[in-house]
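Participant: Dropping the structure in here first, questions after.
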Amino acid sequence: MTRSREWTLDGHGGRLVARTWEGQGAPSYLVLLAHGYGEHVGRYEHVASALVAHGAVVHAVDHVGHGKSEGERVVIADFERVVDDLHEVDRKAREEHPDLPVVLVGHSMGGLIAARYAQRYGDSLAAVVLSGPLVGRWEAAAALLALPEMPDVPLDSTTLSRDPEVGRAYDDDPLVWHGPFRRTTVEAIERALAAVQAGPSLGSLPLMWAHGEADQLVPVGGTRSGIEHVRGERYVERIYPEARHEIFNETNADEVLSDVTAFVDEALRVRRA
Numbered sequence: 148m149t150r151s152r153e154w155t156l157d158g159h160g161g162r163l164v165a166r167t168w169e170g171q172g173a174p175s176y177l178v179l180l181a182h183g184y185g186e187h188v189g190r191y192e193h194v195a196s197a198l199v200a201h202g203a204v205v206h207a208v209d210h211v212g213h214g215k216s217e218g219e220r221v222v223i224a225d226f227e228r229v230v231d232d233l234h235e236v237d238r239k240a241r242e243e244h245p246d247l248p249v250v251l252v253g254h255s256m257g258g259l260i261a262a263r264y265a266q267r268y269g270d271s272l273a274a275v276v277l278s279g280p281l282v283g284r285w286e287a288a289a290a291l292l293a294l295p296e297m298p299d300v301p302l303d304s305t306t307l308s309r310d311p312e313v314g315r316a317y318d319d320d321p322l323v324w325h326g327p328f329r330r331t332t333v334e335a336i337e338r339a340l341a342a343v344q345a346g347p348s349l350g351s352l353p354l355m356w357a358h359g360e361a362d363q364l365v366p367v368g369g370t371r372s373g374i375e376h377v378r379g380e381r382y383v384e385r386i387y388p389e390a391r392h393e394i395f396n397e398t399n400a401d402e403v404l405s406d407v408t409a410f411v412d413e414a415l416r417v418r419r420a
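Just so we're aligned, residue 148 is where the sequence shown starts under my numbering, counting upward by one.
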């Protein structure tokens, strides 16, 4: 059985709301989870439950301006400060479980945050999983910034998953942002993409890249250039045919989560050896 609890911490832009999921027994590893643009950690209950069943304790935070955290809605001016916030979550998590290996999981914009986090703090991590990550080349950024103002059009929820219930739940979720992109955030994304490309590879840190082949929001081709830059010598790639952007919410989500836990098993086995 998975238990969850909310807690708060001070972030660079105000009070942040974090969540911890844990099981009945002693965990064998710790997961640090970074969510995507416009969403919140509450959308990851099933992901956390699967990881807890596998032996993890999971910690995540609503990024500044997202979900239950403070800040102007979906406005991020500097992703380096968001990495700082996630590192503070990590620090508090390690206070509870100081001897556990830490696996970092990031989806979409959270994949961008996770990639930069791994470049800065990779020595403290046991493995990294990037799901549909916003790294490499994202042509939508330049297209949006070329417009005189951001289109006031919500995200098309049918691009998230082949399961129509996922889109309906997203559209009905009051903690999800249903407005336009913010120029400040898109400009910050461009700078963060450049920072990842200018940063180091992950070296011996195990990396799993998982992506939907039919992802229209973060196309797999643009991401590949970023992955090729950051990947080191221990690397696993999973591209799921016909899957859309949110592979953890796709019709083959069980397969995706099984692949993730298998990757974690191998990374932790090698680490112990």
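By construction, the Cβ of each residue, glycine as well, lies at the ideal position given by its N, Cα and C atoms.
Could you have a look at serine 151 and say whether DSSP puts it in helix, strand or coil?
Facilitator: Here residue 151 corresponds to residue number 4 of the sequence shown, with the count starting at 1. Correct three-state label for serine 151: strand.
Participant: Please report the distance separating the alpha-carbon of aspartate 232 from that of histidine 159.
Facilitator: Here residue 232 corresponds to residue number 85 of the sequence shown, with the count starting at 1. Here residue 159 corresponds to residue number 12 of the sequence shown, with the count starting at 1. If I take the Cα positions, the gap works out to 7 Å.
Participant: Given a cut-off of 8 Å, decide if valine 236 and alanine 262 are closer than it, judged by their beta-carbon atoms.
Facilitator: Within the sequence shown, numbered from 1, the residue matching residue 262 stands at position 115. Within the sequence shown, numbered from 1, the residue matching residue 236 stands at position 89. No, they are not a contact pair.
Participant: Can the beta-carbon of leucine 349 be found closer than 8 Å to that of lysine 215?
Facilitator: Counting from one through the sequence shown, the residue named residue 349 turns up at place 202. Counting from one through the sequence shown, the residue named residue 215 turns up at place 68. It is not a contact, given that the beta carbons lie outside the stated cut-off.
Participant: If I follow the unbroken beta strand (DSSP E) through glycine 253, where does it start and stop?
Facilitator: On the sequence shown, residue 253 is found 106 positions in, with the first residue counted as 1. Looking at the DSSP string, the run of the beta strand (DSSP E) that includes glycine 253 is 249 to 254.
Participant: Please give the ranges of any alpha helix (DSSP H) in the region 314 to 354, keeping only runs that are unbroken, at least 4 residues long and fully inside the region.
Facilitator: Qualifying alpha helix (DSSP H) stretches, in chain order: 330 to 345.
Participant: Of the choices Arg416, Leu259, Gly183, Arg220, whose alpha-carbon is the least far from that of arginine 338?
Facilitator: By one-based count along the sequence shown, residue 338 stands at place 191. It is Leu259.
Participant: Suppose the cutoff is 7 Å on Cβ atoms and the five residues either side in sequence are ignored; what does the same chain contact list for serine 351 look like?
Facilitator: Here residue 351 refers to the residue found at position 204 of the sequence shown. Excluding positions up to five away in sequence, the list reads Gly379, Glu380, Arg381.
Participant: Would you mind working out which of His187, Tyr184, Ile394 sits nearest aspartate 362, comparing C-alpha positions?
Facilitator: Locating residue 362 in the sequence shown gives position 215, counting from the first residue. Cα-wise, what sits closest to aspartate 362 is Ile394.
Participant: Does the region 176 to 183 come close enough to the region 307 to 327 to have 3 or more Cβ pairs within less than 8 Å?
Facilitator: Too few Cβ pairs lie closer than 8 Å, so no.
Participant: Taking the straight line between their C-alpha atoms, what separation do you get for valine 222 and aspartate 318?
Facilitator: By one-based count along the sequence shown, residue 222 stands at place 75. By one-based count along the sequence shown, residue 318 stands at place 171. If you take the alpha carbons of valine 222 and aspartate 318, they lie about 20 Å apart.
Participant: Nearest CA to the CA of glycine 185: which residue from Val208, His325, Arg162?
Facilitator: Taking the first residue of the sequence shown as 1, we reach residue 185 at position 38. Looking at the Cα atoms, His325 is the closest of the given residues.
Participant: Give the secondary structure of alanine 207 by DSSP, where H, G and I count as helix, E and B as strand, and everything else as coil.
Facilitator: Here residue 207 corresponds to residue number 60 of the sequence shown, with the count starting at 1. Residue state, collapsed to three classes: strand.
Participant: Among the residues of its own chain, which have a CB less than 8 Å from the CB of methionine 297, if the five just before and after it don't count?
Facilitator: Against the sequence shown, residue 297 aligns to sequence position 150. Cβ neighbours of methionine 297 beyond the five flanking positions: Leu291, Pro327, Phe328, Arg329, Arg330, Val333.
Participant: Compare the C-alpha of aspartate 391 against each of Pro366, Thr370, Gln266, Glu375 and name the closest.
Facilitator: The residue labelled residue 391 in the question sits at position 244 within the sequence shown. First, the amino acid is wrong: residue 391 is arginine here, not aspartate. Comparing Cα positions, the closest option is Pro366.
Participant: For threonine 167 and phenylalanine 410, what's the separation of their Cα atoms in angstroms?
Facilitator: The residue you call residue 167 lines up with position 20 of the sequence shown. The residue you call residue 410 lines up with position 263 of the sequence shown. Roughly 22 Å between the two C-alpha positions.
Participant: Have a look at the DSSP bridge pairing and note the partners of leucine 177.
Facilitator: If you number the sequence shown from 1, residue 177 lands on position 30. Looking at the DSSP assignment, leucine 177 forms a beta bridge with Val204, Val249.
Participant: Let me confirm a value: glycine 257 is counted as buried when at least 16 other C-beta atoms fall within 10 Å, else exposed. Which label applies?
Facilitator: For the purposes of this step, residue 257 is identified with residue 110 of the sequence shown, where counting begins at 1. It counts as buried.
Participant: Would tryptophan 209 be called buried (16 or more neighbouring beta carbons within 10 Å of its own) or exposed?
Facilitator: Locating residue 209 in the sequence shown gives position 62, where the first residue counts as 1. According to the sequence provided, residue 209 is aspartate. The question's tryptophan does not apply to it. Flag for aspartate 209 reads buried.
Participant: Following the continuous alpha helix (DSSP H) through glutamate 243, name the residue where it begins and the one where it ends.
Facilitator: Taking the sequence shown and counting its residues from 1, one reaches residue 243 at position 96. Start and end: 226 to 243.
Participant: In whole angstroms, what separates the C-alpha of glycine 218 from that of glycine 253?
Facilitator: As a first step, residue 218 must be located in the sequence shown, where it is residue number 71. As a first step, residue 253 must be located in the sequence shown, where it is residue number 106. One C-alpha to the other measures close to 21 Å.
Participant: Mark glycine 269 as exposed unless 16 or more other C-beta atoms lie within 10 angstroms of its C-beta, in which case mark it buried.
Facilitator: Position 122 of the sequence shown, counting from 1, holds the residue named residue 269. Buried is the call here.
Participant: Return the bridge partner residues of tyrosine 387 from the DSSP annotation.
Facilitator: Position 240 of the sequence shown, counting from 1, holds the residue named residue 387. The partner list for tyrosine 387 (beta bridge, DSSP) reads Gly359.
Participant: Would you decide whether methionine 148 is buried or exposed? Buried here means 16 or more other CB atoms lie within 10 Å of its CB.
Facilitator: Working through the sequence shown from its first residue, we reach residue 148 at position 1. With fewer than 16 other Cβ atoms within 10 Å, it is exposed.
Participant: If you reduce the DSSP assignment to three classes, tell me which class glycine 283 lands in.
Facilitator: Residue 283 sits at position 136 when you count from the first residue of the sequence shown. It is coil, neither helix nor strand.
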